[in-house]
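> Here it is, the structure in full.
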Amino acid sequence: MTTQYWLVKSEPAAYAWADLLRERHTAWTGVRNYQARLHLKAMRRGDRVLFYESVTTKAVVGLAAVARTAFPDVTAGEPGWVAVELTCLRAFPHAVTLAQIKATPALADVALLRQSRLSVMPLRAAEYARIVKLGG
DNA sequence: GCCAACGTTGGC
DNA sequence: GCCAACGTTGGC
């Protein structure tokens, strides 16, 4: 099966890219949205995941990969919610800002722009490649 | 089942 | 700090 591409959002105050750099891997818990959950469940080991910091940074700051497919999210108060394990791959030399993404016509359809509140979203291969290229 | 009220996210 | 978007809740 071919590699899939995703983007996850996090408020740095809750969990920052720097935290993932330090820990090297983390359980991506706390997702409480049905659409985002569908995306988590569709992730496979080795899929590439862009890490977007919202609110303060507003930029894609690094690249991670799926290390473990969906498993029960122990931080949820009720059953049914899932987490995945992410592993840190590398930081981007140049953070790809929201403004840059908005200014790139090829990225006009990314869910980050279309659905501002979705926290886990798929990316087309071409969209992923463009963002990685911008990140350096 | 509809819809108003409310809470959260996240950009500006 | 404000506000738009939007998901959830609860009354009817």
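In short: position in the first sequence from 1, add 605, done, that's my numbering.
Backbone N, C-alpha and C fix where the C-beta goes; we use that ideal spot for every residue, glycine too.
Computed from a prediction, not measured in an experiment: that's the story for all the values here.
#1: Does the distance from the CB of Leu728 to the CB of His630 come in under 8 Å?
#2: Cα separation between Leu626 and Pro698?
#3: Go ahead and pull the three-state DSSP assignment for Arg653.
#4: Whole angstroms is fine: what's the gap from Ala700's alpha carbon to Phe676's?
#5: Taking buried to mean at least 16 other C-beta atoms within 10 Å of its own C-beta, is Gly651 buried or exposed?
#6: Using a 10 Å radius around the Cβ and a threshold of 16 neighbouring Cβ atoms, would you call Val636 buried or exposed?
#7: Per the contact definition of three or more C-beta pairs closer than 8 Å, is the region 657 to 665 in contact with the region 700 to 710?
Quick answer:
#1: For the purposes of this step, residue 728 is taken as residue 123 along the first sequence, with counting starting at 1. For the purposes of this step, residue 630 is taken as residue 25 along the first sequence, with counting starting at 1. No, they are not a contact pair.
#2: Here the question's residue 626 lines up with position 21 in the first sequence. Here the question's residue 698 lines up with position 93 in the first sequence. Taking the straight line joining both Cα atoms gives about 14 Å.
#3: Reading the first sequence from its first residue, position 48 is the one you call residue 653. Note: Arg653 maps to strand in three-state DSSP.
#4: Here residue 700 refers to the residue found at position 95 when the first sequence is read from its first residue. Here residue 676 refers to the residue found at position 71 when the first sequence is read from its first residue. One C-alpha to the other measures close to 30 Å.
#5: To locate residue 651, count along the first sequence from 1; it is residue 46. Result: exposed.
#6: Counted from its first residue, the first sequence places residue 636 at position 31. Burial of Val636 is indicated by the presence of at least 16 other C-beta atoms within 10 angstroms of its C-beta.
#7: They touch, by the three-pair rule.
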